[in-house]
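In the numbering used here, the protein residues as written are 2 to 957. One structure below.
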RNA sequence: GCGGGGGUAGCCGAGCAUGGCCAAAGGCGCAGGACUUAAGAUCCUGUUCCGUAGGGAUACGAGGGUUCAAAUCCCUCCCUCCGCACCA
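Written out as structure tokens, the structure reads:
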């Protein structure tokens with residue numbers, strides 16, 4: 002056993018499975034189960050974290066096969082999107098970091114000699130996707146996944162493109178594909194949108210888009226100083242504007258108006274609006290002392306200088322609300338000291354605990370200077386407090402008396418509708434691309450969206466989720482909530498790999514929008530390859546997936562392209578037949594019975610998956626269930642490239658063994674908890690696993706116990722086994738795989754060890770043989786290779802694969818509560834004996850055991866059991882009273898007290914009989930004579946006996 | 001802030017929804033023992049405190065409450081992890 006070659010065993014069975022095509026799913030019996038796990042993105046190798054989700058998926062697939070389902074578990078590859086393209090560009094440009102990273106990736110799989118060449122081929126994005134798709138499918142095979150590989154595809158191939166076009170046409174017909182303005186992060190040097198991957202430290206320190214409100218303050222020459230703010234509701238308290246005298250400002254023509262903003266802001270504005278023309282530059286100091294008109298009430302206020310103003314944040318013009326903004330308050334204090342300027346703040350927000358919030362927070366924190374960095378913190382505190390607790394006061398016109406949290410957007414909308422305010426976007430922090438180009442916010446004027454807001458759609462989505470199973474269950478209400486807040490989602494971009502957007506040139510369908518209903522494609526993918534791509538028109542998919550259209554007409558149209566295909570050497574086909582078969586295959590397999598993935602997908606992929614099904618498919622084709630497992634961490638830390646703690650999936654086999662990995666994934670945590678990959682724990686599981694395998698090997702040559710040979714102990718083990726098996730099947734069905742693993746491996750092994758101690762090694766070999774076949778079957782979804790190996794050793798090679806078996810029958814006749822209770826009784830007696838021996842520190846020469854019925858005046862008197870029976874179901878407070886009715890004696894009270902304290906579960910056992918039977922065993926255990934219910938009772942212990950808990954006297 | 005998890009013995013982690021059989025599974029670590037030339041592996045025993053008879057005391061983030069009875073139910077507080085999107 003110690004020298005068992007796991008790798009060889011794994012490879013052998015993987016090869017045999019593949020040769021026998023046992024996981025290729027064909028239409029057969031009524032009961033089918035269609036399971037999917039999201040396809041992997043092919044930008045690099047997968048690691049053990051990805052392995053968890055896919056392994057769980059495979060375990061479920063294998064379990065469903067055992068349950069007698071015809072299971073389809075397919076896989077494909079995701080290529081769509083920008084990252085692969087970005088990598089190809091970087092490699093083409095020869096960026097060292099990326100080239101080195103990919104050399105590392107490739108050398109996981111390839112000889113050093115080939116690495117260079119392969120990586121250089123990655124300047125073509127297609128080669129990256131092809132390379133990793135091929136390697137990942139090898140990885141998956143090596144993990145023992147029971148996938149039907151005939152159905153694989155990738156998301157950039159023409160067949161997929163056709164399918165996605167169809168999907169978008171369906172959505173377009175529903176009126177949910179729309180066009181509108183949309184802000185994005187953008188690099189002006191590269192002239193393109195940038196995502197997290199493109200931004201320097203974007204993965205660590207996320208850049209988000211912040212919407213500022215700009216407010217127009219009219220100067221005397223009818224131009225406007227444009228102030229930007231995050232708190233438009235404070236406009237009612239404005240008393241001056243701030244400007245940085247040393248900064249450069251520009252006049253820009255925006256539409257018909259002339260705006261004045263900082264030079265930096267003008268550039269940003271150029272990306273956010275159409276028609277922005279720079280007219281002239283002006284020093285900031287020019288504006289100092291000028292008067293502007295405050296737009297709500299028309300008050301005249303002054304433009305004042307302030308150092309804290311950053312021309313690269315917002316518009317470089319800030320309006321001042323010293324009552325509520327610490328920066329403004331401090332700056333104004335400065336001016337009061339230096340210039341003697343006196344301006345009264347206007348308080349507009351009432352909030353408990355503050356009189357003049359800005360003043361008080363500065364005083365409390367001891368902030369006195371504009372340069373003080375803690376001003377930022379003070380601002381945050383006030384912002385938060387006022388947002389959640391503040392109420393606008395009587396100075397705020399129609400908004401008076403309302404909480405800010407509730408009214409903020411309304412104020413903003415009102416200001417916009419009055420043509421006072423506008424929108425200006427800013428990044429949440431200064432950011433540059435990895436290439437060093439400045440990142441700012443651009444507004445796409447004609448972005449394409451999917452609009453998830455229509456109520457008919459949300460209603461369908463809710464209905465769909467209502468009818469589904471989620472595990473863990475908490476994600477079901479969570480999903481309903483996501484559907485509620487889901488609104489607009491950009492569905493196309495100008496860059497990246499993918500399907501061309503069918504409604505406008507130059508756009509590519511975005512990668513999350515193109516992976517929402519592709520499970521449907523698995524059902525027919527291998528058959529669609531019989532057809533030329535040109536045939537995969539809207540009508541075709543309408544017919545196959547929705548049953549719309551006329552089959553004969555469609556067949557006629559197919560005829561033409563099929564002729565062409567024949568010309569290319571394909572078999573002649575009857576197009577009507579092909580069409581029918583394809584439709585049947587879809588109808589047989591769909592809907593998707595279970596989608597298994599990880600919780601981070603809930604608010605994006607999964608909700609689109611559900612919503613698109615709701616919109617496009619009839620109810621009978623809606624997904625049935627979603628299961629989710631948490632992520633995997635390693636030694637307590639997140640697995641990530643930057644931490645350098647990644648273990649590639651490809652290395653699992655040689656480092657640990659595939660079955661061990663699968664077992665660890667299954668039992669280390671429930672779906673709802675994170676799996677912590679700890680070498681120490683892995684090692685512990687490995688030892689146990691090896692013992693289990695040894696147990697099996699030990700029994701292969703043993704002779705099964707015959708029914709007539711079975712003793713109490715044998716029946717006890719069989720009862721334990723079938724009880725655990727029965728529980729495990731129930732739990733498996735409820736996705737509680739961890740419980741199954743613990744129960745069928747660790748707990749059962751404990752039972753077997755106990756049995757061996759009670760009986761003998763030899764007999765253990767024989768009894769394990771009795772249950773071995775059933776045991777292997779229930780474990781086979783989790784550790785399929787070793788089970789397959791053992792199965793064949795047990796059954797010989799002519800027998801079919803364990804992977805094709807069905808669940809063993811539960812031998813109910815062996816599940817025997819009495820047998821188990823008897824053993825429990827004996828076990829707790831032994832525990833008591835041991836405890837006494839330990840505490841009394843004696844070597845026993847003779848042990849006396851007295852059962853409850855022996856403590857009586859006559860042979861027929863069994864009052865203790867009678868009272869025990871009589872009071873078993875009564876509440877505690879009534880027990881003594883009831884007992885006294887039966888037997889008026891002080892000893893009855895003592896007895897009942899002891900019963901209550903012992904907390905015994907009532908069960909009828911013939912204690913004498915059990916003890917007589919086990920006398921030999923007890924003698925062996927304690928190495929001394931055992932006497933049962935003897936008269937001899939020198940210490941008067943007999944009276945302490947209660948039912949199920951005999952009294953004990955030990956002589957030492 | 002919103003939403004969702006957690007806080008259990010030296011550590012990791014069950015149990016808490018159906019309160020009592022929970023001094024609290026299992027594992028790791030540690031100590032002792034068996035086996036072995038030895039190491040490893042495996043197995044057994046112990047691992048809050050007290051106790052020469054199967055018992056008792058104190059314990060499950062902190063504090064309070066409900067109850068005959070709370071790790072388990074309710075309230076308050078403290079600490080901590082994750083998500084909040086357009087990114088695959």
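Where a beta carbon is used, it is the ideal one built from N, C-alpha and C, also for glycine.
Output needed for residue i: all residues of its chain with C-beta closer than 6 Å, excluding positions within five of it in sequence on either side, in chain order.
i	result
residue 4	Low confidence applies here, because residue 4 scores a pLDDT of 49, under 50, leaving its location unreliable and the question unanswered by this model.
residue 791	697 and 777
residue 523	75 and 152
Exposed or buried, what is residue i when buried is set at 16 or more other beta-carbons lying within 10 Å of its beta-carbon?
i	result
residue 407	exposed
residue 457	exposed
residue 894	exposed
residue 214	buried
residue 464	exposed
residue 2	Annotation note: pLDDT 44 at residue 2 (below 50); position unreliable, coordinate value reported separately. Exposed, by the Cβ-count rule.
residue 372	exposed
residue 901	exposed
residue 649	buried
residue 507	exposed
residue 934	buried
residue 273	buried
residue 381	exposed
residue 828	exposed
Sort the options by Cα distance to residue i and report the nearest one.
i	options	result
residue 7	392, 654 and 476	654
residue 57	123, 69 and 148	148
residue 211	955, 46 and 425	425
residue 663	890, 455, 61 and 119	61
residue 746	695, 133, 47 and 734	695
residue 179	719, 454 and 642	454
residue 283	271, 300 and 264	264
residue 898	872, 917, 918 and 376	872
residue 302	289, 652, 12 and 509	289
residue 661	647, 644, 645 and 691	691
residue 438	896, 217 and 194	194
residue 168	516, 825 and 822	516
residue 531	580, 499, 547 and 493	580
residue 917	823, 503 and 461	823
residue 335	369, 363 and 352	369
residue 678	716, 631 and 718	631
residue 296	219, 312 and 224	219
Using a Cβ-Cβ cutoff of less than 8 Å, which residues in the same chain neighbour residue i once the five nearest sequence positions on both sides are dropped?
i	result
residue 846	929, 930, 956 and 957
residue 887	864, 867, 868, 871 and 893
residue 449	178, 179, 180, 491, 492, 493, 502, 504, 505 and 508
Please list, in chain order, all residues of the same chain as residue i whose beta carbon is under 7 Å from its beta carbon, the five residues on each side excluded.
i	result
residue 724	816
residue 42	79
residue 431	none
Would you call the region 304-316 and the region 241-251 touching, i.e. three or more CB-CB distances under 8 Å?
-> yes
Inter-stretch contact at 8 Å, needing at least 3 Cβ pairs: the region 826-844 / the region 802-809 | no
Which whole runs of the beta strand (DSSP E) in the region 750-805 are 3 residues long or more, in chain order?
-> none
Scan the region 253-278 and note each continuous alpha helix (DSSP H) run of 4 residues or more that stays entirely inside, going in chain order.
-> 264-273
Does the region 158-167 come close enough to the region 65-76 that 3 or more CB-CB pairs lie under 8 Å?
-> no
Write down every uninterrupted run of the alpha helix (DSSP H) in the region 720-753 whose length is 4 residues or greater and which is fully enclosed by it, in chain order.
-> 738-742
If we count Cβ pairs, one from each stretch, closer than 8 Å, do we get three or more for the region 40-54 versus the region 124-136?
-> yes
Tell me the start and end of each unbroken alpha helix (DSSP H) in the region 34-83 that is at least 4 residues and wholly inside, in chain order.
-> 49-67
Should the region 317-331 be called in touch with the region 227-238, which here means at least 3 C-beta pairs below 8 Å?
-> yes
Please specify which runs of the alpha helix (DSSP H), each continuous and at least 4 residues long, are wholly inside the region 443-492, giving them in chain order.
-> 456-467 and 476-486
Check whether the region 138-146 touches the region 488-497, counting contact only when three or more Cβ pairs, one atom from each stretch, lie closer than 8 Å.
-> no
Does the region 848-856 touch the region 942-955, meaning 3 or more C-beta pairs lie closer than 8 Å?
-> yes
State whether the region 698-716 contacts the region 764-778, with contact taken as three or more CB pairs (one from each stretch) at a distance under 8 Å.
-> yes
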